[in-house]
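To keep things clear, I will list the structure first and then write my remarks on it.
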Amino acid sequence: MAYNLKEEMNKEERFHSGHRLCAGCGAGIVCRAMMRAVDPEDRAVICNATGCLEVSSFQYPFTAWEDSYIHTAFENASATASGVEAAYKVMKKKGKIPEGENVKILAIGGDGGTYDIGFQSLSGALERGHDFTYFCYDNNAYMNTGTQRSSATPRFASATTTPAGVESVGKKQVQKDLTQIVVAHGSPYVAQTTMFGNMKDFHEKAHRAIYTNGPTFVNVLTPCPRGWMYPAEDFVKICKAAIDTCVWPIYEVVEGEYRLTFEPRQKLPVEEFMRLQGRFAHCFKPGNEWTIEAAQEYVDKKWEELLAKCR
Amino acid sequence: MSIRERLSGNEAVATAIRQINPDVFAMFPITPSTEIPQYVAQYVADGKVDTEFICVESEHSAMSACLGAEAAGVRAVTATSSAGLSYMNEVLYVAGSLRLPVVLAVACRALTGPININHDYSDSFAERDSGFIQLYAENNQEVYDNYLMAHRIAEHPDVRLPLMVCEDGFITSHAIENIELEEDAAVKAFVGEYNPENYLLKKENPLAVGPYGVSAYYMEARVAQAQAMINAKKVILDVAADFEKTFGRKYGFFEAYKMEDAEVAMVIMGSSAGTAKVAVDELRAQGIKAGLVKLRVFRPFPGEELAAVLQNCKAVAVMDKSEGFSACGGPLFAETAGACINLDKRPKMIDIVFGLGGRDFTVDAAKGVFNRLENIVKTGKTGPVYTHMGQRG
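As given, the protein sequences belong to chains G and S, one line each in that order.
-11 is the number of the first residue of the first sequence in the working numbering; add one for each residue after it.
368 is the number of the first residue of the second sequence in the working numbering; add one for each residue after it.
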């Protein structure tokens, strides 16, 4: 069935308003879209790593989640999901959950809980082949504790532990390419997306991931107005700039086959993305021009590598 | 009808697991507990259990997977030792606070520094505040029996707390001894099915587990958890009474050995109690009124009951098989002394840290401790309260 935004938006919400995420936070949009990708007749169990989303969506005695939800710690969303999935298999085997009744096991964490502290647990669960989908809302830093750098923070971004200063141009290292690392695990479906257009790309990838048997992974670039330092209303502009500059390429990998799902008509220079955000402000100061050149060089290299894989 | 067998402690635990047939076992290997999941893996391979056996990539994930499975609505178990238990630390607390009755077998082993694979209680004692019920055993029979009682205690609606079944690493986990096993059907009937009221996979009522609890709510949750641990005392005794009725072996919070008229006594745990009992017998034969309390339940701590059994002694030695680095005694001493604080007449008490990292404990060493106690009684002087025993120099 062709994607229809209106129909999708008419679905019953499974992630409710009233949560405490910041105005303009992308995590809430990820959650709503993720839950729309679960067919209405199916149930879900969401396993959430500690982070902004957890403290904002399930503050006792309120929950924003319509489906069952569990949070245990920061680094173990995948391991917790492994246990839920094992329990589901046993209950199916013993007839405690009848045939034809589906529960989708979803895990979700920020980049800190996924790229860094939760990386071992994620890798283990991918390798073991549990039937679950991991959504990473990658907002490029430890936002819940106040924008400390993570391995997902891009080079030259100023974070509170890699601040720009007279001796510093922000983070020294490039972003860890987690999506490629997940691909290397042999997962049957891996995708990168963000929030742009009518959310078709996100929806189709999320749905395919959730309804592919085995461990699947969707990495979502999720701008954070506070950490990236831009006005909340520029959210969509930022997402669009990320994909138009190829800072965040939009693609999927199905059983190891790469496919580009969005190619900008005209690839914009990386400064079009950087200029919008205060975390890169120092890059535009006289004398720091080289940072923008270096950023461009890296994006170009990664983009060419990806294009080669997609051919 | 009981079945006479010869098994190690690890195989006894594995046998209990086979008989109970838990839904999920999440394993990560560590000496000396590794045999437990190895036996279970073979049961799975041979179709003897329906258990989903997950080989996770760390102990932290083993306990995390147990939390997920237990919250989802099934019985989940694991086993570990030493550094593995320490690595679980964070999520052990989560198990307690989420009130998930995970059962964890611990083959107790020294913590690293220097690395050592042998027995003491530095691993399990370090988790005394984690919210786990802790049961200890003198031998393989007691480990097996504790395991048969574990799920019923942990899952009881008044309790709903995780539980550690502790055995002494190598001494109990690997030594093969005679044991009486119970029939599979009798075990299944005794343990029963697990039917939690609310769980993640329940269709009718989706559940949210593990909230952010601000100051306005946190304390209520912790007090409720503390009350559950208090409630566990009655449930432990009730389950033990039913166990005795069903299988004939008697258990309580502790075993009071020749304590009726004891003047000098030892508080001790695990396999060392077997050695110390020989010393008590030999001293009794010489007319010395020696006795011993072997603590089975360390969490909840049976403070009142322990104080009641010690109150008529003149001198008591608390035997700590763990060094707490408090500079004034080991963990068991602090708890035992604390329990006796409101007695009108208290015995003099000393703490002896012994057996660390598998250092041998002999009948003669136990007799030496009683000697010290007799001297305290004779002279009225306690002498040094906190000492170590069995080390060179």
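Cβ coordinates follow ideal geometry from the N, Cα and C atoms, glycine included.
message: Our contact map puts S/A443 next to S/A383 with C-beta atoms below 8 Å; I'd like the distance itself, whole angstroms only.
response: About 15 Å; that fails the 8 Å criterion.
- prompt: DSSP on G/M217, reduced to helix/strand/coil?
  reply: coil
- request: Kindly say whether S/L574, judged by its beta-carbon, lies nearer than 9 Å to any beta-carbon of chain G.
  value: yes
- request: Using a Cβ cut-off of 9 Å (strictly closer), state whether S/E547 contacts chain G.
  value: no
- prompt: Count the other CB atoms within 10 Å of the CB of G/N64; is the residue buried (16 or more) or exposed (fewer)?
  reply: buried
Residues that S/V461 contacts on chain G, provided the C-beta gap is smaller than 7 Å: Result: T60, A61.
query: For S/A368, does the count of other Cβ atoms within 10 angstroms reach 16, so buried, or fall short, so exposed?
result: It is worth fixing the name first, because residue 368 of chain S is Met in this sequence and not Ala. The residue in question, S/M368, is exposed, as its Cβ has fewer than 16 Cβ neighbours within 10 Å.
message: With distance defined between alpha-carbon atoms, name the residue in S/E550, S/K745, S/G724, S/I421 nearest to S/I655.
response: Looking at the Cα atoms, S/K745 is the closest of the given residues.
query: Tell me which same chain residues have a C-beta within less than 7 Å of the C-beta of S/L465, skipping the five on either side of it?
result: L434, A438, V576, G577, listed in sequence order.
message: Using a Cβ-Cβ distance cut-off of 9 Å, determine whether S/G414 contacts chain G.
response: no
message: Any contact between the segment 565 to 573 of chain S and the segment 398 to 405 of chain S? By contact I mean 3 or more CB pairs, one from each, below 8 Å.
response: Contact between the segment 565 to 573 of chain S and the segment 398 to 405 of chain S is absent, because fewer than three Cβ pairs lie under 8 Å.
query: According to DSSP, which residues form a beta bridge with S/A472?
result: S/A446, S/V532
task: Could you say which of G/Q265, G/P252, G/Q180, G/C227 lies nearest to G/I238 if we only look at CA atoms?
output: G/Q180
- prompt: S/Y584 CB to nearest chain G CB: under 9 Å?
  reply: yes
message: Quick check: what's the CA-CA separation for G/A52 versus G/E42?
response: Spanning the alpha carbons of G/A52 and G/E42 requires a straight line of approximately 10 Å.
field: S/L465 at chain G interface by Cβ criterion, 9 Å
entry: yes
message: Please confirm whether G/Y(-9) has its beta-carbon closer than 9 Å to some beta-carbon of chain S.
response: no
- request: Kindly say whether S/T418, judged by its beta-carbon, lies nearer than 9 Å to any beta-carbon of chain G.
  value: Output row for S/T418: interface = yes.
- request: For G/D30, count neighbouring Cβ atoms within 10 angstroms of its own Cβ and tell me buried if that reaches 16, exposed if not.
  value: exposed
- prompt: For a contact meaning CB atoms closer than 7 Å, what does G/K77 contact in chain S?
  reply: E419
query: At a Cβ cut of 8 Å, what residues of the segment 374 to 405 of chain S count as close to chain G, listed as they run along the chain?
result: D390, V391, A393
field: Check: G/K84 C-beta below 8 Å from any heavy atom of the ligand COA
entry: Questions concerning the ligand COA fall outside what the structure shown contains, since it holds no ligand whatsoever.
query: How close, in whole Å, do the beta carbons of G/H270 and G/R24 come, if the pair is a contact with beta carbons under 8 Å?
result: The Cβ separation is near 39 Å, so there is no contact.
task: Mind reading off the beta-carbon distance from G/V91 to S/D390? Whole number of angstroms is fine, and I expect it under 8 Å.
output: No, G/V91 and S/D390 are not in contact; Cβ-Cβ is about 15 Å, not under 8 Å.
Alpha-carbon spacing of S/V590 relative to S/N598, whole angstroms: Each residue's Cα considered, the two are about 12 Å apart.
query: Can you name, in chain order, every residue of its own chain whose Cβ lies under 6 Å from the Cβ of S/P667, other than the five neighbours on each side?
result: M596, A599, K600.
message: If the cut-off is 9 Å on Cβ atoms, which residues from the segment 148 to 175 of chain G count as contacting chain S, listed in chain order?
response: Answer in chain order: no residues at all.
message: Tell me which residues share the same chain as S/N709 and place their Cβ nearer than 8 Å to its Cβ, disregarding the 5 neighbours each side in the sequence.
response: A674
- prompt: Since S/V634 and S/V685 are thought to touch, with beta carbons under 8 Å apart, how far apart are those beta carbons, to the nearest angstrom?
  reply: 5 Å
S/D711 versus S/A629 - alpha carbon distance: 18 Å
- prompt: When the Cβ atoms of the segment 274 to 293 of chain G are set against those of the segment 527 to 544 of chain S, are three or more pairs found closer than 8 Å?
  reply: no
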